[in-house]
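Residue numbers (this note's numbering): 7 to 263.
The beta carbon of each residue, even a glycine, is placed where N, CA and C say it ideally should be.
These numbers were taken from a predicted model, which means no experiment stands behind them.
Have a look at the structure below, then the notes.
Next up, the structure:
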C-alpha cells in the first residue's frame, strides 16, 4: 500500500483531470480509419480528400475536415451528418477484417481503470472523432464512452474547443487538465491552451522532437506514467511550448512524401 500511496493512490486523489484523446492514444488506430473516412466522404459528396496525412491539416478533426471540404455548400450540415453515418457503417464493416486497428494500446484500459479505482485523478475523453465513431472504436477496446465526461467534434469542430468542453463537463477548469495525446496537432493545441501533455503511442520520437518531455509507447509502465502525472501537477508551467520550426518541418516532410 505504501507504494500505491506514494504514486497518488487511494486517499491521495490529485485535483487534476486527465483528458485522453482516442485515436492513437487509447485505440491503436492505424490506416483503416482514414481509409473509411475518405471513402465515406467520396460516397456522400463525390469529392476526394487531397491527403490522408492529418499532420498537414489545419484542423484535423472529423467534423472540421468535412466542413472545410464543403465550405460554401448550403447542404453542408446534412452532408456531414450523412458522412458520419456512412463512416460508422464502414468502420463496423471493416472491424472484423482488421481487428488490430480497433484494439487498445497495451495497458490502456487497465490504466484508465486504475486512475478511477484508486482515485488517482479524474478522467475525461476529448476526441476529434465524430461521437458515434468514437463510441464504436472505444467499445471495441472495452470502454464505454458514456462512462466518462467527454466531448467530440460532433459538439464543436475545433480541438481547442473540444478539450475545454470535456473539462467543463467533468467539472474542472482547463488549468487542472493534463492531456494524453499522440500527435503533432495535440502538441500544438496543448500549447495554445497552456496545458501539459503526456505523449502516448507510435509517434514518441516525433513528440520528443516537438518538446514533449514525458513520452511512452504504451501504458505498460503504469507507475512511470503516474509519476509523470504527479510531476506535471507539482511543477507549474509545464505546457508544451509550440516548437513552430519543428511543427513546420513535420508538415514539410509530409508534403514531400
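- Here the C-alpha atom of residue 125 lies approximately 11 Å from the C-alpha atom of residue 118.
- Residue 45 and residue 238 have their C-alpha atoms spaced approximately 40 Å apart.
- Take residue 220, set aside five residues on each side of it, and the residues of its chain with a beta-carbon closer than 6 Å to its own are 204, 234, in chain order.
- If you draw a straight line from the Cα of residue 170 to the Cα of residue 29, it is about 18 Å long.
- The shortest C-alpha to C-alpha distance from residue 36 to any of 107, 89, 55 is the one to 107.
- Boundaries of the beta strand (DSSP E) harbouring residue 26: 23-26, taken from the DSSP string.
- Excluding its 5 nearest sequence neighbours in each direction, residue 163 has C-beta neighbours in its own chain below 7 Å: 65, 67, 69, 70, 73, listed in chain order.
- Residue 75 sits away from residue 103, with the two beta carbons spaced by 9 Å or more.
- With respect to the 9 Å criterion, residue 135 and residue 122 are not classified as neighbours on the basis of their beta carbons.
- For residue 149, the three-state secondary structure derived from DSSP is coil.
- Scanning the segment 160-210 from its first residue to its last, the whole alpha helix (DSSP H) runs of 4-plus residues come out as 165-176, 190-199.
- According to DSSP, residue pairing for residue 47 in a beta bridge does not occur.
- Nearest to residue 223 by alpha-carbon distance, out of 189, 24, 89, 198, is 189.
- Shortest Cα-Cα distance from residue 228 to any of 206, 158, 42, 47 involves 206.
- Note on residue 81: under 16 other CB atoms within 10 angstroms of its CB, so exposed under the neighbour-count rule.
- Shown here, residue 231 sits in a helix according to DSSP, grouped into three states.
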